[in-house]
Amino acid sequence: MLELSFDDPEQLVTVAHALSTRSRVDILRLLVSQNLNVIEISELLKLPVSTVANNIRVLEAAKLINTELLPASRGAMKVCSRNYDDIHIALNQEKSIPKGDIRVYEVDVPIGHYSDCEVVPTCGMANAEGMIIREDEPASFYHPKHISAQIMWFRKGYVEYLLPMEIPAGSRIEALELSMEMCSEAPNYDNNWPSDISVWINGIEIGMWTCPGDFGDRRGKLNPSWWLDWSTQYGLLKTWKVDREKTTLDMEKVSSVNLSQLNLDQSPKVRLRIGIKPDAVHQGGINLFGRQFGDYEQNLVMKVHFVPEEEEGAQA
Numbered sequence: 001m002l003e004l005s006f007d008d009p010e011q012l013v014t015v016a017h018a019l020s021t022r023s024r025v026d027i028l029r030l031l032v033s034q035n036l037n038v039i040e041i042s043e044l045l046k047l048p049v050s051t052v053a054n055n056i057r058v059l060e061a062a063k064l065i066n067t068e069l070l071p072a073s074r075g076a077m078k079v080c081s082r083n084y085d086d087i088h089i090a091l092n093q094e095k096s097i098p099k100g101d102i103r104v105y106e107v108d109v110p111i112g113h114y115s116d117c118e119v120v121p122t123c124g125m126a127n128a129e130g131m132i133i134r135e136d137e138p139a140s141f142y143h144p145k146h147i148s149a150q151i152m153w154f155r156k157g158y159v160e161y162l163l164p165m166e167i168p169a170g171s172r173i174e175a176l177e178l179s180m181e182m183c184s185e186a187p188n189y190d191n192n193w194p195s196d197i198s199v200w201i202n203g204i205e206i207g208m209w210t211c212p213g214d215f216g217d218r219r220g221k222l223n224p225s226w227w228l229d230w231s232t233q234y235g236l237l238k239t240w241k242v243d244r245e246k247t248t249l250d251m252e253k254v255s256s257v258n259l260s261q262l263n264l265d266q267s268p269k270v271r272l273r274i275g276i277k278p279d280a281v282h283q284g285g286i287n288l289f290g291r292q293f294g295d296y297e298q299n300l301v302m303k304v305h306f307v308p309e310e311e312e313g314a315q316a
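The UniProt record's numbering puts the sequence shown at residues 1 to 316.
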């Protein structure tokens, strides 16, 4: 049995993240009585192999499953097995929380609330009621109606957001975290359509993720009824985290960019850019999903983990 408590908050957060989607829970359920490889799991859950592989990496990082490469008829295959039959989470603590504990400042930003953009067709945006701008017309991205967007897409370029940093002056920032649902942008959809999507904070590229495709093999769980079946349907929820040592994507290191390089204490705002670099190998575009489209009921979310100045002093 896996025991979790507030004594190890990082492990608690890691496991909670791994259990936060139905797909990963379904994978654990399949592994109750048998070991399976990635292709077998993909067939049983009717999910793309790329999606299953991403979910397997998250479960493996949380130590909920083991994977082993075994010989196959063509090369090797990754076989998955479950580590635990039970998980116990202890949320009650008799001792008081000590001063100096990390606090979290969170901002929930609708995807349409960008402050700047530069996009190339194919491009467009919609909300739960319908299309809100003229499709494949970049000038429409500057129309005030863009603030109501719940899904938007473009083949090349970027969108940029200004996010408030309302934490007490003098606080020590321990980590900055960003999460969003996204995928590539292909004509209609194409599950095999790679795209090199980069994320910048205050002008510094924190890392690049190659999205495997533009997913449309099934309807997105939150999509309104008017949305066409042959269009993009859902994305993958990606979580970037910058701490004092590195940047991770879904708990795997993607770059050596750390907090000291982002100049977060020099401005009351954070400048976030999401886009495709002009020299990217895979110019596959971007779809961004709000809380009313795709599979995840959330907007773009920023979390700042910090210790207030007075508590930092008391701890010292």
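All C-beta atoms in this analysis are idealised placements derived from N, C-alpha and C, irrespective of residue type, glycine included.
Annotated as proximal: R82 and L31, with beta-carbon spacing under 7 angstroms. Looking at C117, M131 and D295, the one whose alpha-carbon comes closest to that of R219 is D295. Residue burial annotation: R134 is exposed, with fewer than 16 other C-beta atoms found within 10 angstroms of its C-beta.
When the Cα atoms are used, H146 and I132 turn out to be separated by approximately 7 angstroms.
If you look at V257, you'll find it isn't in any alpha helix (DSSP H); DSSP assigns it neither H nor E. Taken in chain order, the complete beta strand (DSSP E) segments of 3 or more residues contained in the UniProt domain "HTH arsR-type" (14-82) are 65-71 and 76-82.
W226 counts as exposed, since fewer than 16 other beta carbons sit within 10 angstroms of its beta carbon.
In the DSSP annotation of this structure, the continuous segment of the beta strand (DSSP E) that includes F289 starts and ends at I286 to F289. Counting other Cβ atoms within 10 Å of its Cβ, M1 stays below 16 and is therefore classed as exposed.
Exposed is the label assigned to V104, since fewer than 16 other Cβ atoms lie within 10 Å of its Cβ. In the three-state scheme derived from DSSP, where H, G and I count as helix and E and B as strand, Y142 is classed as helix. At a Cβ-Cβ threshold of 7 angstroms, F215 and N191 count as neighbours. One alpha carbon belongs to L264, the other to L163, and they sit about 11 angstroms apart. Cβ-Cβ separation between S148 and T239: approximately 25 angstroms, too far for a contact (criterion under 8 angstroms). Residue state for S115 is assigned as coil, using DSSP reduced to three classes. Judged by DSSP secondary structure, L262 falls outside any beta strand (DSSP E); it is assigned neither H nor E.
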